[in-house]
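Residues in the sequence shown are numbered consecutively from 1, following the numbering used here. Positions of the beta carbon are idealized from the N, C-alpha and C atoms, including for glycine. It should be emphasised that the depicted structure is a prediction, and the values quoted were computed from it without experimental measurement.
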Amino acid sequence: MIVLRGAGELAALDGLRLPGPLVFVPTMGALHEGHLSLVRQGAALGPVVVSIFVNPTQFGPGEDFAAYPRTLDADLALLANEPTAVVFVPEVGDMYGSAGEVTVRAGRRGEGLCGGARPGHFDGVLTVVAKLFGMVRPDIAIFGSKDAQQCLVIDQMVRDLRLPVTLLDAETVREQDGLAMSSRNRYLGVADRARALCLSRALAAGRAVLEGGVRDAGLVEAAMGEALAAADAIDYAVVRSLPDLTSCESSLAGALLLAVAARVGPARLIDNVALRVDSAGVTETRLLASAPATD
Ligand code: PAF
1 MIVLRGAGEL
11 AALDGLRLPG
21 PLVFVPTMGA
31 LHEGHLSLVR
41 QGAALGPVVV
51 SIFVNPTQFG
61 PGEDFAAYPR
71 TLDADLALLA
81 NEPTAVVFVP
91 EVGDMYGSAG
101 EVTVRAGRRG
111 EGLCGGARPG
121 HFDGVLTVVA
131 KLFGMVRPDI
141 AIFGSKDAQQ
151 CLVIDQMVRD
161 LRLPVTLLDA
171 ETVREQDGLA
181 MSSRNRYLGV
191 ADRARALCLS
201 RALAAGRAVL
211 EGGVRDAGLV
221 EAAMGEALAA
231 ADAIDYAVVR
241 SLPDLTSCES
251 SLAGALLLAV
261 AARVGPARLI
271 DNVALRVDSA
281 GVTETRLLAS
291 APATD
């Protein structure tokens, strides 16, 4: 495993002549099994480059940029045990600071849900991901489905800017009790960790309503909201159509995202499940393969 620190060292990537399609797993570090599963899936396709960069522009004022766990040594130790070819660790100055800087703005998929609760968040994500794509020049990039809206806005950026990269969404990795793995789970003490299960339970409650034959979005959302009562504050508990995250008509059908976000103690947590609802019933589906793009 080769560690390239800073954009200067990244120039060495070309010289490595890595065989096969280059697979990219961008991260903000504080790695967990979810990230490692992306690396393993990527390694089945080609040599994997992982980036570690806590991106300041995707945090709003008052959010947890300063507190976000920075665990580079532990991250590198984890990656050394995985099929990682290269780790790229940029500096802030490698990514930002040019005068009159150009940024990317998330379109409609970035409105609402986390985009509503965290204004500017997806502009920051897209700007840094576009820069990282330009620097690493991957053939394939893999993102975790837990950040469903992030996957979908990046998908729209890749389409609209005609970026030459194939995106893959990977299944959310969960703890045994159902909690979606997240770097922010580190913020949870024992009692909050137990309460955090309300997110996955809310998704299960919404799904159970659908499986019971109900096709009314309001009833599904009410069931999810009820299960989230254990949280300190609910950001959203919604059903949206995939892939454009539009509000659903009253009769739910097709590819849908059940999505929740809530504050539990010091952590703002999110979770989701992508479902296909049709005459065969309710089945899990993938985000990016869920439906053709609308434009
Ligand atoms: O999902 C993340 O860790 C980040 O949003 C990403 C994609 C690495 C951009 O900073």
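Just to confirm my understanding: we take residue i, look at its own chain, exclude 5 residues before and 5 after, and list those with CB closer than 8 Å. What are they?
| i | result |
| --- | --- |
| E22 | Here residue 22 is Leu; the residue named in the question, Glu, does not match the sequence. Cβ within range, chain order: G46, P47, V49, V136, R137, P138, D139, I140. |
| G60 | R118, P119, G120, H121 |
| S250 | R215, D216, A217, G218 |
| V86 | M1, I2, V3, L4, L13, L16, L18, P47, V48, V49, V50 |
| Q41 | I142, L168, A170 |
Is the CB-CB distance between residue i and residue j below 9 Å?
| i | j | result |
| --- | --- | --- |
| L38 | I154 | no |
| T57 | V102 | no |
| L161 | R207 | no |
| Q149 | G110 | yes |
| F65 | P90 | no |
| A227 | C114 | no |
| V381 | M181 | Here the chain comprises residues numbered 1 to 295, so residue 381 is not present and cannot be evaluated. |
| A202 | G225 | yes |
| N81 | V125 | no |
| L10 | L36 | no |
| A99 | L31 | no |
| L263 | A223 | According to the sequence provided, residue 263 is Arg. The question's Leu does not apply to it. Not a contact, by the Cβ cut-off of 9 Å. |
| L257 | S247 | no |
| Y236 | G134 | no |
Buried or exposed, going by whether 16 or more other CB atoms sit within 10 Å of the CB of residue i?
| i | result |
| --- | --- |
| A44 | exposed |
| S279 | exposed |
| P292 | With a pLDDT of only 42 at P292, under the threshold of 50, the placement of this residue in the model should not be trusted; the figure read from the coordinates follows. With fewer than 16 other Cβ atoms within 10 Å, it is exposed. |
| V92 | exposed |
| T283 | exposed |
| G34 | buried |
| G213 | exposed |
| G20 | exposed |
Suppose the cutoff is 6 Å on Cβ atoms and the five residues either side in sequence are ignored; what does the same chain contact list for residue i look like?
| i | result |
| --- | --- |
| A267 | R184, Y187, L188 |
| Y68 | V54 |
Assuming residue i and residue j form a contact by the criterion Cβ under 8 Å, report the distance between their Cβ atoms to the nearest whole angstrom.
| i | j | result |
| --- | --- | --- |
| L252 | V220 | 7 Å |
| G265 | D192 | 3 Å |
Give me, in chain order, the residues of the same chain whose beta-carbon lies closer than 7 Å to that of residue i; leave out the 5 immediate sequence neighbours on both sides.
| i | result |
| --- | --- |
| L197 | D177, G178, L179 |
| D94 | G6, A7 |
| E171 | S145 |
Query raised in the report: Which residue spans inside the stretch 29–61 form an unbroken beta strand (DSSP E) run of at least 3?
Result: 48–52
Query - Uninterrupted beta strand (DSSP E) stretches inside the stretch 231–268 (no shorter than 3 residues) - result: 233–241, 254–264
Query raised in the report: Which whole runs of the alpha helix (DSSP H) in the stretch 91–116 are 4 residues long or more, in chain order?
Result: You should have 92–95.
Requested in this report: Return the chain-ordered ranges of every beta strand (DSSP E) run that is complete within the stretch 134–190 and spans a minimum of 3 residues.
Outcome: 140–144, 166–170
**Report entry** Ranges of the beta strand (DSSP E) found wholly within the stretch 188–222, counting only runs of at least 3
**Finding:** none
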